[in-house]
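Asker: Just so you know, the sequence shown maps onto residues 30 to 216 in the working numbering. Glycine included, each C-beta is placed from N, C-alpha and C at the ideal position. Could you have a look at this structure, given as structure tokens, before my questions?
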Amino acid sequence: SRRWFGRKSELAKIKGHTIGCAGALPAIGKADVKIIEALYKEALKRKHLVIGTYLNYPQEGLYKLDYGNRNELNKILDNNSIETILCPAGKTDVDWIEQNPREAWNFNVGKLNTLFEIVSERNIPVAFFSSDYIFDGKNGPYTEEDISNPINFYGSHKYISENMLKTFLPNEHFIFRTTSVFGPEKQ
30 SRRWFGRKSE LAKIKGHTIG CAGALPAIGK ADVKIIEALY KEALKRKHLV IGTYLNYPQE
90 GLYKLDYGNR NELNKILDNN SIETILCPAG KTDVDWIEQN PREAWNFNVG KLNTLFEIVS
150 ERNIPVAFFS SDYIFDGKNG PYTEEDISNP INFYGSHKYI SENMLKTFLP NEHFIFRTTS
210 VFGPEKQ
């Protein structure tokens, strides 16, 4: 099950002529697509263009983008006049992350720092896909007022990324916290 942490009326604020999806193929972007599909369908109804990207898993119709590379990111933002970013990007294999914390940090925090910094300079709102892993699992279900207490690297990365986003774009962000995300690939 998933929760939308915010009021449904706020969903209407995610608008503009062009929407970019940074990392369209991680577990949430591919296998658990209900939120993405709802946003995509709403965007199409409003006659918006949606630009999807990938880093490691090519798919027809998506642009290759390392969202931690300033030049690549600026180029795709400039060439497509993107006005809103959906961000499900990142490594999600919790076991891999625990075994490779530095490499995972680069993907889940370092690259997002670059993305958030660049889009904040352009004042582009971001809808970030986080996780209930920012909590310790002792007192759920959680609300957005609950105190975070991540118990692994993945949860820590999401918690830090949420706070980076709030710092870079204090009034131009949405955070979706998912739970029980799974898909056909281990990523």
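(1) Within the same chain, show all residues whose beta-carbon is closer than 7 Å to that of residue 188, passing over the 5 residues directly before and after it, in chain order.
(2) How many angstroms separate the CA atom of residue 196 from the CA atom of residue 142?
(3) Please identify the residue among 201, 182, 203 and 72 whose C-alpha is closest to the C-alpha of residue 128.
(4) Mind checking which residues open and close the beta strand (DSSP E) that includes residue 160?
(5) Given 8 Å as the limit, is there contact between the segment 110 to 120 and the segment 150 to 165, that is, 3 or more CB pairs closer than that?
(6) Nearest to residue 18 by alpha carbon, out of 207, 105 and 138?
(7) Taking residue 91 and residue 151 to be in contact with their CB atoms under 8 Å, please state how far apart those CB atoms are, rounded to whole angstroms.
(8) According to the neighbour-count rule (16 or more other Cβ atoms, all chains shown, within 10 Å of its Cβ), is residue 58 buried or exposed?
(9) With a threshold of 6 Å on Cβ separation, who are the neighbours of residue 101 within its own chain once the five nearest residues in sequence on each side are excluded?
(10) For a test of the three-state rule: what should DSSP assign to residue 58, helix, strand or coil?
(11) My parser needs the alpha helix (DSSP H) runs of 4 or more residues fully inside the segment 63 to 110; what are they?
(12) Can you list, in chain order, the residues of its chain with a C-beta nearer than 6 Å to that of residue 186? Leave out the 5 residues immediately preceding and following it.
Answerer: The answer reads as follows:
(1) Answer for residue 188: 163, 177 and 179, listed in chain order.
(2) Distance between residue 196 and residue 142, taken at the CA atoms: about 10 Å.
(3) Selected option, being the one with the closest Cα: 182.
(4) That run of the beta strand (DSSP E) goes 155 to 160.
(5) Output reads yes: the segment 150 to 165 touches the segment 110 to 120.
(6) Outside the displayed range of the chain (30 to 216) lies residue 18, so it cannot be described from this structure.
(7) About 21 Å separates the two Cβ atoms, so there is no contact after all.
(8) Per-residue confidence for residue 58 stands at a pLDDT of 43, beneath the threshold of 50, marking its modelled position as unreliable; the derived number appears in the next sentence. Flag for residue 58 reads buried.
(9) For residue 101, where only same-chain residues beyond five positions count, the Cβ hits under 6 Å are 94 and 95.
(10) The predicted model places residue 58 with a pLDDT of 43, which falls under 50 and marks its position as unreliable; any figure quoted below should be read in that light. When secondary structure is reduced to three states using DSSP, residue 58 falls in the helix class.
(11) Runs of the alpha helix (DSSP H) lying entirely within the segment 63 to 110 and spanning at least 4 residues, in chain order: 63 to 74 and 99 to 109.
(12) Counting only Cβ-Cβ distances below 6 Å, and skipping sequence neighbours, we find 137 and 138.
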